[in-house]
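Novice: The structure's right below; bear with me while I get my questions together.
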Amino acid sequence: MKNQEKTELTVAKITAAAMDEFGSSGYAGGTINNICKTGINKGLIYHNFKDKDELYLFCLKKSCEKLCDYLENGKKLDDPADYMKLRIRFFDANPNEAHIFFEALLCPPAALQGRIQDEMQRFNKINDTVCRNALAKLSLRDGISEDDALSYVRQLQVMFNGYFSSPACRDIPIAEKARRHEESMSKLLGFMLYGIAKDGE
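Residues 141 to 341 (my numbering) are what the sequence shown spells out, left to right.
What follows is the structure, encoded as structure tokens:
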């Protein structure tokens, strides 16, 4: 076996163990020592990853890539309701990825916030695409451009995420927080795009 193949297998083994560790214990509770208890040599971990931060960010990157591939392959980017159902299905089927993703989204380690945002860029672009596709089907009020409406949606999403990051949700387990976030986000998108009053009111 070539050295490159050995390295790839080693990184895959480390990543699988780290996904389980961070997916169950989060960033704060996850440790290199616990990962080593799965039979992985600590020296191999530090040979391939600088430290715990690098390994956590790599797991986040893999989680985001898996999510984004799933969303793009699902071809549900023209309807917000179908898109949110797709997201919920993914997170239900991938609890480790859900835990890592929502921890990074809603309560990121302070020292890693900037780098986490970098890993979230592709996901954010998919969200923007869904919103733009939905906005393109609507007749916007006079004086409101598509960019204005998209900016408004983004601001509300930040405020919405802020609620789930607030003390009001501090004691909610991350899995339950993720479920509530996605179900509530689906309703919120509907409110933002289509309003809450019946036609003509």
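We put the beta carbon where it would ideally sit given N, CA and C, even for glycine. This structure is a prediction, so every number in the text was calculated from the model and none was measured.
1. Would G283 be called buried (16 or more neighbouring beta carbons within 10 Å of its own) or exposed?
2. Within a Cβ cutoff of 8 Å, which residues of the same chain sit near A251, ignoring the five residues on either side of it in sequence?
3. Beta-carbon within less than 8 Å of D209's beta-carbon, same chain only, minus the 5 sequence neighbours each way: which residues are those?
4. So S203 packs on I240, CB below 8 Å; how close in whole Å?
5. Any idea if L211 is buried or exposed, counting beta-carbon neighbours within 10 angstroms, 16 or more meaning buried?
6. Rounded C-beta distance between L333 and P220? I'm assuming under 8 Å.
7. Here's the rule I'm using: 16 or more other beta-carbon atoms within 10 Å means buried, otherwise exposed. How should G179 be labelled?
8. What residue range is occupied by the uninterrupted alpha helix (DSSP H) comprising I172?
9. Taking 7 Å as the limit between beta carbons, can you name the residues of its chain near N273, skipping five residues before and five after?
10. Considering only residues of the same chain and omitting the five flanking positions on each side of G340, which have a CB-CB separation below 6 Å?
11. CA-CA distance, T155 and S279?
12. Let me make sure I understand the geometry here. Which of C247, G330, L275 and N213 has the alpha-carbon closest to that of D311?
13. Count the other C-beta atoms from every protein chain shown that fall within 10 angstroms of the C-beta of N236, then say buried if there are 16 or more, exposed otherwise.
14. State the DSSP-derived secondary structure class of G340, mapped to helix, strand or coil.
15. Can you check which of these residues, K225, R281 and S285, is closest to E322 by C-alpha distance?
16. If you drop the 5 nearest sequence neighbours on each side, which residues of the same chain put their C-beta closer than 8 Å to that of M260?
Specialist: Reading it off the structure:
1. exposed
2. D193
3. none
4. 5 Å
5. buried
6. 6 Å
7. exposed
8. I172 to C176
9. L217 and D218
10. At G340 the pLDDT is 48, less than 50, meaning the model places this residue with poor confidence and gives no usable figure here.
11. 47 Å
12. C247
13. buried
14. Reliability of the predicted coordinates at G340 is poor, the pLDDT of 48 falling under 50, and no value is obtained from them.
15. K225
16. C204, A244 and L245
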